[in-house]
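What follows is a short report on a single structure.
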Amino acid sequence: MALSRRRLLERMVAPAWNRRLIVEPFFRKDIDLDSPSPSLDFHLGNRFSVLRRRRATQHNPLPLDGQKDVAPTELFIPLGKDFFLHPGQIVLGTTLEWFRFPTDLMAYVVGRSIWGRRGLLIVTASAVHPGSAGTITLELCNMGEVAVVLRPGVALGQLFFHEVGVEEFEPDDRRSTFSGSTKPILGEYIPSKVEKFLLGI
Amino acid sequence: MAQIAPLDRESRWLSIQWQLHCLQYRVGSLKSEIKRVADKDHPYPEPSVIFAALEAVLAEREAFLEDAIENYSVSDRKVRGLGNLEPIIQDLNTIGELFSLAHRVDSARIPFEILRSLSWASTAVLPGQSRAVVRLDPTYNYSITSFRERFADKDWLPFWDSAVSAANLPSGQTILLFGFPSPEVGSILVHGIAAHELGHLVAPRWESELEELLNRHLSSVKQRYRESISDFIAEQLRGHVQGSGISREDAYESMSRIVEFDIYSVAELWIREMFADFVAARLVGPAFIAAFDRVKLGFGRAGNTHPPGSWRRLQIRQFLKEKMPHVADDPVWRLLFSASAEAGFNELYHSIASEVCALSFEEIARLVEKVPSPIAVDPTQLRMQIEAMQEHIEHLSPPSVPLDVTGADEIDTANMFWLLLYAAWHFRFSEDRFTEFARRHGWQEDLAKAEAAIGNMVQHALESLELHFRWKLYTET
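This is the structure in structure tokens:
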């Protein structure tokens, strides 16, 4: 069951850290508590990683053969300036907000239809796990035929929060490669034991 | 553009003509390079002001050169009105130097998110409005350059003011260029050093007071050192007089002047360092020492420009003990003050300078009390604020969350910049807490990652503070 806005605001001031949700910056005055929508909007941040074709000819995140992955180029677009996402292009972006999830809360990232109908996909791995902290990396892809103009600060999507039955976990006991990060990064591929077995055959 | 006169048989003219050609060539090269960089899409407008001002100076110099060449062409082999070429060479060198400082301010690696906070922090302590620009320095050096000051030094203020006015910025605006080590680009905590460097820029506000106290104390210290100074001069003279054709009296007088000048210079530079240290201590407490240690490894030996690091730490600790005992006595900072002072100074200049500093201590401490300080407050209030911020850091949350941004005062918001840096370094030095933080989040094997995460949270907090401030203004007007 998705949490209502009132429940989310209660979570933001929860005295116990194992229940407290942090969203920063959070513009409290802009929140309509009477809205039936069980979600919080998030906004586009300033940092982008553009995946350009240079010397590397393929994506190869698997660490097994040591081949180089595509190296991203970092960009900073200030508030008030535009970023153009061209057809077929994929870039990594971030949320303007920093989210800190308690261990009993997770969320799904969902794009706004106003963008989706114009061909913009904003995320592929849409689940944000309990205990995560940092800005959320967005995989922005233009599936349309003309460029999409993006401006940092724009509301790109929303988060739908769900409670998870893990309250017995120690607070902050979950770790993620991306914890504490503010930049959109490709990330390191860490294979599980099963993957290591399967990929090694 | 005027044509350069054809080569002449007269060698003097050939030389001048070639020099003029080289100068004109240099103007052309600088002009096209500045234009190339100025035409880039900079995230913020400040670099454009710098480039526009430099282009205006160049245009004026170019016209001057063209005029000189034109004058020659119509005259009888004389370059009328040109005079010495040295000033124009120096001008072009300065333009080149200022351009080289400003031309790498658009790297995406720069933490642009903190520019507004740096601007506010600077405006809070300096006269007039300041805007911050950051450049990456390939060397391990942290510096702040005020472009308005640099233009004023060269009598180019009209060019600067026109560029500022054309950019619709407030008159008197300066642009401060923060240069910090490129390898530390991800380390927001290193910006604690800004407190000390801003201290140097604050000093001109009390120029006459500093000069007066320096002269007064220096003259009394010199009285006590009269014999040592005479011996020192005699020592310096040994071997210089014989065979030089200069009388012993003349040589002594000449050497005395040099030694007097050096004594004054060293004492003045040490006083200025102490002043900047005290300003920094008021702004961000011992946190700036921690940031310094990251950039300048080791405690630093005594030099003619800087007192030794260990001695400085003792002065800072003493200053904090007297003015902010709640900060000085906080056990968290003990690591930073554990260095013992050198037993004494081997060099005469350093001994004199250290005594002048000791005599000036109280007066300088009183002067810097006029600098706003976010930590010279009620100890309980400070402790609660720091605790709230650190609790957030501990739980991977930006420490700006518990801060209350009123939206009324930029100075308050500037103070929060220092408070955040203070809290972050305080957390870093709270050994048990920091170790537990690193362990809990899986960074116990790589504490640099834990520190980077703290830096990320501070960076995000600074950008959030700016947005909160603007939001307050937006919703209240």
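In the order they appear, the protein sequences are chains A and B.
So the first sequence is numbered by numbering that gives the first Met the number 0: it starts at 0 and just counts up by one.
So the second sequence is numbered by numbering that gives the first Met the number 0: it starts at 0 and just counts up by one.
Beta carbons: idealized from backbone N, C-alpha and C, even for Gly.
Would you say residue i and residue j are within 7 Å of each other, going by their C-beta atoms?
i, j, result
"THR136/A", "THR93/A", "yes"
"GLY156/A", "VAL109/A", "yes"
"ALA290/B", "VAL189/B", "yes"
"SER359/B", "HIS216/B", "yes"
"VAL69/A", "LEU139/A", "no"
"VAL278/B", "TRP155/B", "no"
"LEU119/A", "VAL145/A", "no"
"ARG10/A", "SER396/B", "no"
"PRO24/A", "HIS467/B", "yes"
"GLU272/B", "HIS305/B", "yes"
"SER145/B", "THR173/B", "yes"
"PHE426/B", "ILE392/B", "yes"
"GLU69/B", "ILE143/B", "no"
Kindly list the residues whose CB is nearer than 7 Å to the CB of residue i, restricted to its own chain and excluding five residues on each side of it in sequence; keep chain order.
i, result
"GLN18/B", "LEU84"
"ASN140/B", "GLY178, PRO180"
"PHE344/B", "ALA301, SER350, SER353"
For the beta strand (DSSP E) containing residue i, name the first residue and the last one.
i, result
"MET105/A", "104-110"
"TRP97/A", "89-99"
"PRO141/A", "Contrary to the premise, residue 141/A reads as Asn rather than Pro in this sequence. 132-141 is the span of the beta strand (DSSP E), which, as asked, contains ASN141/A."
"GLY178/B", "173-180"
"GLN157/A", "154-162"
"PHE468/B", "Careful: PHE468/B lies outside any beta strand (DSSP E), inside the alpha helix (DSSP H) at 446-475."
"SER396/B", "It is not in any beta strand (DSSP E) - SER396/B carries neither H nor E in the DSSP assignment."
"GLU73/A", "71-75"
"ASP40/A", "39-42"
"ARG19/A", "Run containing ARG19/A: none; DSSP gives neither H nor E here."
"VAL147/A", "147-149"
"VAL404/B", "It is not in any beta strand (DSSP E) - VAL404/B carries neither H nor E in the DSSP assignment."
"LEU84/A", "82-84"
Using a Cβ-Cβ cutoff of less than 8 Å, which residues in the same chain neighbour residue i once the five nearest sequence positions on both sides are dropped?
i, result
"HIS161/A", "MET0, ALA1, LEU2, LEU104, MET105, ALA106, TYR107"
"ALA514/B", "Nothing can be reported for residue 514/B: it is not among the residues displayed for chain B, which extend from 0 to 476."
"PHE428/B", "ALA289, VAL331, TRP332, LEU334, LEU335"
"LYS39/B", "ASP105"
"PRO378/B", "HIS325"
"VAL26/B", "LEU57, ARG60, GLU61, LEU64, LEU91"
"ASP172/A", "Legend: pLDDT at ASP172/A = 49, less than 50; position of this residue unreliable, no value from coordinates given."
Give the residues of chain B in contact with residue i, contact being defined as C-beta atoms less than 9 Å apart.
i, result
"PHE26/A", "LEU466, HIS467, TRP470, THR474"
"ALA146/A", "Going along chain B, no residue has its Cβ under 9 Å from ALA146/A, so there is no contact; the nearest lies around 16 Å."
Quick one: which chain A residues come within Cβ less than 8 Å of residue i?
i, result
"PHE111/B", "ASN45, PHE75, PRO77"
"PRO42/B", "PHE75, ILE76, PRO77, LYS80"
"ALA37/B", "Neighbours of ALA37/B on chain A: none; closest Cβ ~17 Å, over 8 Å."
"ALA423/B", "Within 8 Å Cβ-Cβ: nothing; ALA423/B doesn't reach chain A, min ~13 Å."
In chain A, which residues lie less than 7 Å from residue i when you measure between Cβ atoms?
i, result
"GLN458/B", "THR181"
"ALA107/B", "GLU73, LEU74, PHE75"
"ALA437/B", "Near ALA437/B there are no residues of chain A at all, since even the closest Cβ is about 11 Å away, more than 7 Å."
How would you list, in chain order, the residues of chain B whose beta-carbon sits under 7 Å from the beta-carbon of residue i?
i, result
"ARG150/A", "The premise fails here: ARG150/A is roughly 13 Å from chain B at the closest Cβ pair, so nothing lies under 7 Å."
"ILE21/A", "SER396, VAL400"
"TRP16/A", "HIS394"
"ALA106/A", "Within chain B, no residue comes near ALA106/A; the closest Cβ sits about 16 Å away, beyond 7 Å."
Residue i touches chain B at which residues, Cβ-Cβ below 8 Å?
i, result
"TRP97/A", "SER396, PRO397, MET456, HIS459, SER463"
"ALA154/A", "In chain order: nothing, as chain B lies at least about 14 Å away."
Between which two residues does the alpha helix (DSSP H) carrying residue i extend?
i, result
"LEU351/B", "Inspection of the sequence shows that residue 351/B is occupied by Ile rather than by Leu. Per DSSP, ILE351/B belongs to the alpha helix (DSSP H) from 347-366."
"PRO378/B", "378-393"
"GLU435/B", "430-439"
"VAL163/B", "156-165"
"PRO324/B", "324-327"
"ILE192/B", "192-201"
Short of 6 Å in beta carbon distance, which residues of its chain neighbour residue i, apart from the five on each side in sequence? Order them along the chain.
i, result
"ALA413/B", "TRP119, ALA120, ALA123"
"ILE109/B", "VAL133"
"LYS34/B", "none"
"LEU78/A", "PRO151, GLY152"
"VAL367/B", "PHE277, VAL278, ARG281"
"ALA285/B", "A quick correction: the sequence has Pro, not Ala, at residue 285/B. Excluding positions up to five away in sequence, the list reads TRP332, LEU335."
Run through chain A and tell me which residues come within less than 9 Å of residue i, C-beta to C-beta.
i, result
"ALA131/B", "Residues of chain A passing the Cβ test: none, with the nearest at roughly 14 Å."
"ALA280/B", "Going along chain A, no residue has its Cβ under 9 Å from ALA280/B, so there is no contact; the nearest lies around 29 Å."
"ALA123/B", "Per Cβ cutoff of 9 Å: no residues; ALA123/B is ~22 Å from chain A at best."
"ALA166/B", "Those do not exist, as ALA166/B stays about 15 Å from chain A at its closest Cβ, beyond 9 Å."
Would residue i count as contacting chain E if we go by Cβ distances under 7 Å?
i, result
"ALA447/B", "Note that chain E does not occur in the displayed structure, where the protein chains are A and B."
**Study point:** Length at least 3, wholly inside the segment 61-137 of chain B: the beta strand (DSSP E) runs in chain order
**Key:** As far as the segment 61-137 of chain B is concerned, its whole beta strand (DSSP E) runs of at least 3 residues are 129-136.
Check your understanding: Which residue spans inside the segment 205-285 of chain B form an unbroken alpha helix (DSSP H) run of at least 4?
Key -> As summarised for the segment 205-285 of chain B, the continuous alpha helix (DSSP H) elements at least 4 residues long and confined to that stretch are 206-223, 225-236, 247-283, given in chain order.
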